[in-house]
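Using the numbering used here, the first residue of the sequence shown is number 15, and each one after it goes up by one.
Quick reminder that beta carbons are idealized off the backbone N, C-alpha and C, glycines included.
Below is one structure, written out as structure tokens, with a few remarks after it.
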Amino acid sequence: MNMVHRLLTSLFAFFLSCGVLSGAAASDLNTIFELELVPLSDIVENPTVYDSTMAYRKVSVVGNISAIDKHLITISQGSYELKVDHTNLQQFTGFNVGDGVKLTGQFLYDPIGTSIFYPDYVLHYPIVEMGEVDISAIISNASSYNGKYITVTGNLTGIRSTMGAYVVDISSLDTDQNLRVSYYGSTDLKVGDMVTVSGLLNGDVLYSEQMGKKRPPLSLSTLIPGFTGLWTMIIIGLLVIYMKHE
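Below you can see the structure in the form of structure tokens.
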């Protein structure tokens, strides 16, 4: 009985570990949105080190929104403040004074004027992962998802290559509403494919490093090559033996 019990325990532990490993891979954050994290104090006290005016450099910063003006947003970290460009209003849709943010972009130092950080990506901080979201829900209530990580599934209705990235249009499975996707990397996807995309929604664009055809849920035969009906019968038989000895 002890041997059967140990065998069943080992099998269940193996299947569980497969699921855990699969989930961990799916939850990895995309690195292009989070680069070298620099404290605001370092930028304020050593602005020339991070100045991207002459030498292109991207960094990430974290702070809390302390003021929102027409063209500039102020983020604070302790007693330090940083001015952030706000001309792209859609980047900050749904953000309010007091919210924590993580910004990735370029800092331009102006020794006689206002030094400004120009964000490429604006994230809620701590990071928020929303999981699977309907495209129609995003279109109708963009402020609830802006700056957060999401996963969407839809039909690929358009794809083109531009500036080292793909610009993709994904339509809702329930409506004809489209979501714009920016994707870095190679792909063999084509118009008409049903796809799943995971990434950061910022503004009216879903930025993603992970895009592929919609796959059916993983089965044991997918996780374990060669796992067939015979293996299923063996497992059931072991369960019956175990129950009889209880």
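The three-state secondary structure of residue 183, taken from DSSP, is strand. Inter-residue distance for residue 125 and residue 60 is about 12 Å (C-alpha atoms, whole angstroms).
In this structure the segment 179-186 does not touch the segment 154-162; the number of beta carbon pairs closer than 8 Å is below three. The C-alpha of residue 134 is placed about 24 Å away from the C-alpha of residue 172. The beta-bridge partner set that DSSP reports for residue 219 consists of 194, 216. The distance from the Cβ of residue 116 to that of residue 154 is about 26 Å, inconsistent with a contact at the 8 Å cut-off. Here residue 209 really is in contact with residue 225; their C-beta atoms are around 6 Å apart, less than 8 Å.
The residue among 128, 152, 63 with its C-alpha nearest the C-alpha of residue 88 is 128. By the C-beta criterion, the segment 145-152 is judged not to be in contact with the segment 47-67, since fewer than 3 inter-stretch pairs fall below 8 Å.
With 16 or more other Cβ atoms from the protein chains shown falling within 10 Å of its own Cβ, residue 118 counts as buried. The beta-bridge partner set that DSSP reports for residue 138 consists of 115. Shown here, residue 64 sits in a helix according to DSSP, grouped into three states.
Straight-line spacing of the CA atoms in residue 189 and residue 169 works out to 10 Å.
Per DSSP, residue 86 is one residue of the beta strand (DSSP E) stretching across 86-91.
For residue 129, no beta strand (DSSP E) segment is defined, and its DSSP state is neither H nor E. Secondary structure note for residue 103: it is in no beta strand (DSSP E), with a DSSP letter that is neither H nor E.
Of the residues assessed, residue 54 falls on the buried side of the cut-off, its CB having 16 or more other CB atoms within 10 angstroms. Nearest to residue 77 by alpha-carbon distance, out of 84, 57, 192, 71, is 57. Restricting attention to 193, 197, 107, the CA atom closest to the CA of residue 158 is found in 107. In this chain, the beta strand (DSSP E) harbouring residue 73 covers 73-82.
In this chain, residue 50 is not harboured by any alpha helix (DSSP H), its DSSP state being neither H nor E. In the three-state scheme derived from DSSP, where H, G and I count as helix and E and B as strand, residue 58 is classed as helix.
Going by C-alpha positions, residue 130 is about 39 Å away from residue 203.
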